[in-house]
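Here is the structure we will look at, set down as structure tokens.
Residue numbers (this note's numbering): 6 to 75.
In structure tokens, the structure reads:
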């Protein structure tokens with residue numbers, strides 16, 4: 006669910022709807038992405054990873070590459 010956490014912040018979906026989906030998933034693994042994390046999500050997930058950029062060609066003026074950055 007790409008950028009679903011941002012969708013919650015932007016009020017495009019309700020956190021309770023996401024909670025219901027996760028609670029009823031049975032044996033399905035669900036991957037949630039987004040730059041924003043709510044305390045509700047942190048408490049309920051099994052695994053949480055935070056990724057951050059250390060170095061990127063954009064920093065030295067290189068523009069985004071089709072198929073790699075978008």
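Just so it is clear, CB atoms sit at the ideal spot from N, CA and C, and this is done for glycine as well.
The structure displayed is predicted, hence computed values, not measured ones.
In the structure shown, what three-state DSSP assignment does residue 25 receive?
-> helix
Which value, in whole angstroms, describes the spacing of the CA atoms of residue 70 and residue 64?
-> 14 Å
Would you give the residue range spanned by the alpha helix (DSSP H) that residue 10 belongs to?
-> 9-14
Please classify residue 18: is it buried, with 16 or more other beta-carbons within 10 angstroms of its beta-carbon, or exposed?
-> exposed
Secondary structure at residue 46, three-state DSSP: helix, strand or coil?
-> helix
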